[in-house]
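Mind the numbering: the sequence shown is residues -20 to -1, 1 to 688 in mature numbering (1 follows the signal peptide of the UniProt record, and there is no 0), read in order.
For each residue, glycine too, the CB sits at the ideal point set by N, CA and C.
Keep in mind it's a predicted model, so treat the numbers as computed, not measured.
Structure first, commentary second.
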Amino acid sequence: MHLIHHILPLICLLFLQVLSQDEAVGDKYLLGVGRADVTGPVVEIGMMGYADLAQKGSGLRQRIHSRAFIVADVNSPGDRFVYVSVDVQSGDTAIRDGVLKGLEAAFPGVYGQNNVAVVGTHSHAGPGAWLNYLLPQITTQGFGSQSYTAIVEGIVLSIKRAHTSLTPGYLSLAKGLVSDANVNRSPYAYEANPAEERAEYGDVGGDVDKEMTVLSFKKEDGTPLGLLNWFPVHGTSLYGNNTLIAGDNKGYAALQLEKDLGNGFVAGFSQANVGDTSPNTLGPVCQDTGLECRYEDSTCNGVSQQCRGRGPAFQISDTESCRIIGQTQYLGAKRIYNSAQTPVSGDGGIVRSLHTFVDFGAGYEFKLSNGSMWKTCKAALGFSFAAGTTDWPGFADFTQNDPGAPSNPFWLLVRDLLKTPTKEQKDCHAPKPILLNVGEMDQPYAWTPNIVDIQMFRVGQLAIIVAPGEATTMAGRRWKAAVADELDKLGIISKESGWTVIGGPANSYTHYIATPEEYAIQRYEGASTLYGQFTLDAYISLYKTYAPYLAAKVPSTPLPTGTKPPINTNNSISLITGVVQDSPPLGKSFGSVLTDVMGPYQIGAMVKVVFVGANPRNNLRLEGTFAAVEKNESGTWARVRDDTDWNLVYEWKRTEELTGQSKVTITWTVESGTPAGQYRIRYYGDSKALFGGKITAFEGVSGVFNVV
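Below is the structure:
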């Protein structure tokens, strides 16, 4: 009796310690992370984002990547999802289709429509020519299989790496403010939302969300695996005249954090409700006068072209502004990652995913909050779509905030030559005046999606809305609040302990999702909301309808698969020409140095070497590099920089069209903290023979130079 008297308190203490540990780490899951290169052709291909025929790649600033995050139920591993954050403009119907086919071949029955999300970081600095629909193909001279294959195979490889690394572990959540990384580029439209609603969000940034949510992945022994965060800022730090491939600010942030934490750490910087955000944090001004742009429509003397947003280092370069915005996100994510965490748990560690297709073009009918019924429209873009934004303006005499008839009737003629909208279509889209009636244009194949992806994931108390477009700040807030309310009402996730995030543009690119109030203003975001004034309400209706499928006990009725969208990869137009041949100048060979280093060089200096080059489209060197900096380490040359480094830039230029001569310039800006010593620059290239088309690898090496 005396012994029990002493042992019982110890047993109780031990039980409480175990209980406390369980609460501290949450439920156990199977976790996997993986990264892979998706850098497509870096030259001679139109870039994706600004829709400018003149913007073709001329080189590489930093390789772009796919980052995959797998979460599976440790007790039922078939219940899993994979969230892919990829450094491209958006998710895409054909890209996702190719990824699903690749995964089915590698892991039959494991990954499919329900549990795979492909989310673009929305970089406007990547290669184009990979999208499924005709409209975005026009400015890239059609579809390019090389671009498409690089992205698909890279995403699949990142998922394979995540899959093979699956290990028991724990998830945790944290959030914090990241200031000075984004602003609202359409505040006039945002202010059309109800004042009482806007007042609710003063503590998280007002007219733009400044709160970053971080999901941390750790092994069961506490070893870090990676993190996935959601934060809204456009990938438009690099302007529309940039021709060097990069992942823009989020690509920079991810690579910086991965290099900082090392040991295979994978950092996903996902988009959120990005629609009306901008990284040009000093706001727009008139380039010609230095005065403020007109607030309502972002014009200068009535035209949009002179109104440009300014990044934090606009007096230096957009490249430096991009680095600063990326650095701000990287440091913010690291700070939040190292802060107090909330363990992820709920229903014993279950994992849920859902997906369906819905044909908005056929008229999805639902009830609005006022009780009236409404149908979605076939897709259409308004006149203000052509005006562009303050991040990069459009062309001609188009302006934002144009809900009436266009001032120039010429554009009505152009529209009607393409496809005249019916009265029903005009009425459905009102008050938007239709410029491009893309939803009714299907020759030679569909111009834009009418069928949309509806997808959500759930792990513990976290619900992830996977959005097929760019929700504006307030649209994202309403969407998240509506889903959180529905999950609370259904008893799935309580509002008190629940977390809801939105990631997009994902799976297919359906342009923008504005609130009805913003839509009525018809700035760029409203004009680019494809399916009518109540597009957001349609999405909210569907996500609430399918919320029960996130419960521990899912409904007995199977989730409908919906009408699958067309896949146009095999019948897409392509005017992209291949590489015919490469040849060196007379008396030179591939890789010969044309202009060598000088030196010595100090911190901040620019080291430049020019080589006899060959077209980099001959070999994308995925998972490799075109350029490298090597350091002499006790007689052995060790690589210390490659294509993932922001300050090592590869540029290619054709010097003779007929014979295929070209040169490559590699520039290294010596960063602060670079050790003194001997260095050299190496170039990796591949030439193509005229006869037979044989591809031959070669290298070039600069002279040795000193950093002092």
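Skipping 5 residues on each side, what residues in its chain have a beta carbon closer than 6 angstroms to that of W354? Within the same chain, W354 has close Cβ partners L348, F514.
Can you grab the Cα-Cα spacing for the pair A585 / G680, in whole Å? Going from the Cα of A585 to the Cα of G680 covers about 22 angstroms.
Which stretch, first to last residue, makes up the beta strand (DSSP E) that contains V589? Per DSSP, V589 is one residue of the beta strand (DSSP E) stretching across 586 to 593.
According to the Cβ coordinates, are P323 and S152 closer than 8 angstroms? The criterion of a C-beta distance shorter than 8 angstroms is satisfied by P323 and S152.
Near M421, what residues of its chain come up, given a Cβ to Cβ distance below 6 angstroms and the 5 sequence neighbours on each side ignored? In its chain, beyond the 5 residues on either side, K399, W427 have a beta carbon closer than 6 angstroms to the beta carbon of M421.
A142: which of G12, G571, E238 sits nearest, CA to CA? Scanning G12, G571, E238 for the CA closest to the CA of A142 turns up G12.
Residue from K588, L574, V573 with nearest C-alpha to P580: Closest by alpha carbon: K588.
Please list the segments of the alpha helix (DSSP H) lying wholly inside the region 49 to 78, counting only runs of 4 or more residues, in order along the chain. Runs of the alpha helix (DSSP H) lying entirely within the region 49 to 78 and spanning at least 4 residues: none are present.
Counting beta carbon pairs with one atom in the region 487 to 499 and one in the region 63 to 77, are three or more of them shorter than 8 angstroms? Contact holds: three or more Cβ-Cβ distances are below 8 angstroms.
From what residue to what residue does the alpha helix (DSSP H) around L522 run? Per DSSP, L522 belongs to the alpha helix (DSSP H) from 515 to 525.
Using only the alpha-carbon positions, how far apart do K239 and N281 sit? One C-alpha to the other measures close to 47 angstroms.
G456 versus N253 - alpha carbon distance: Going by the C-alpha atoms only, they are around 5 angstroms apart.
Count the other CB atoms within 10 Å of the CB of V246; is the residue buried (16 or more) or exposed (fewer)? Around the CB of V246, 16 or more other CB atoms lie within 10 Å, so the residue is classed as buried.
Please check the pair residue 690 and S138, which I expect to be a contact at CB under 8 angstroms, by giving their CB distance rounded to whole angstroms. Past the edges of the chain, shown from -20 to 688, lies residue 690, and the structure says nothing about it.
Does the beta-carbon of D160 have 16 or more other beta-carbons within 10 angstroms, so that it is buried, or is it exposed? Classification for D160: exposed.
Let's test the definition: count the other Cβ atoms within 10 Å of the Cβ of P540 and tell me whether it reaches 16, buried, or not, exposed. By the neighbour-count rule (16 or more Cβ atoms within 10 Å), P540 is not buried but exposed.
Tell me the DSSP bridge mates of P174? None; P174 has no bridge partner.
If distances are taken between C-alpha atoms only, which option among F365, T193, D666 comes closest to Q309? Q309 has its Cα closest to that of T193, out of F365, T193, D666.
When the distance is taken between beta carbons, is T101 closer than 8 angstroms to S250? Going by C-beta atoms, S250 is nearer than 8 angstroms to T101.
Buried or exposed: which applies to M578, given that a residue is buried once 16 or more other Cβ atoms fall within 10 Å of its Cβ? Looking at its Cβ environment, which holds fewer than 16 other Cβ atoms inside 10 Å, M578 is exposed.
Going by beta-carbon coordinates alone, are A169 and I501 separated by less than 8 angstroms? Taking 8 angstroms as the Cβ cut-off, A169 and I501 qualify as a contacting pair.
Is the distance from the Cβ of I330 to the Cβ of D59 below 8 angstroms? Taking 8 angstroms as the Cβ cut-off, I330 and D59 qualify as a contacting pair.
Cβ pair A233, A172 closer than 8 angstroms: The answer is no: Cβ separation not under 8 angstroms.
With respect to the alpha helix (DSSP H) encompassing W459, which residues constitute its N-terminal and C-terminal limits? 453 to 469 is the extent of the alpha helix (DSSP H) around W459.
In whole angstroms, what separates the C-alpha of G231 from that of Y344? Taking the Cα positions, G231 is about 36 angstroms away from Y344.
Would you tell me roughly how many angstroms separate the C-alpha atoms of L602 and D298, rounded to the nearest one? Cα-Cα distance, rounded: 27 angstroms.
With a threshold of 8 angstroms between beta carbons, is G122 in contact with chain C? Among the protein chains of the structure shown there is no chain C, as only one such chain exists.
Whole angstroms are fine: how far does the CA of G248 sit from the CA of D67? The alpha-carbon atoms of D67 and G248 are separated by roughly 10 angstroms.
Whole angstroms is fine: what's the gap from K198's alpha carbon to L510's? Computed Cα separation, rounded: 40 angstroms.
Own chain partners of A154 with C-beta closer than 8 angstroms, once the 5 adjacent residues on each side are dropped: T193, V194, S196, I316, Y317, S319, A320, Q321, T322.
What residue from N430, Y425, P429, P448 has the CA that sits closest to M436's CA? Nearest of N430, Y425, P429, P448 to M436, Cα basis: P448.
Is it buried or exposed, Q35, if we count other Cβ atoms within 10 angstroms and call 16 or more buried? Buried, because 16 or more other Cβ atoms sit within 10 Å of the Cβ of Q35.
Locate the beta strand (DSSP E) running through C266, then write down its first and last residues. C266 -> beta strand (DSSP E) spans 263 to 266.
Indicate the three-state DSSP secondary structure (helix, strand or coil) for S569 in the structure shown. S569 falls in the coil class under three-state DSSP.
DSSP three-state call for D433: helix, strand or coil? Note: D433 maps to strand in three-state DSSP.
Express the C-alpha separation of V418 and K469 in angstroms, rounding to a whole number. The alpha-carbon atoms of K469 and V418 are separated by roughly 38 angstroms.
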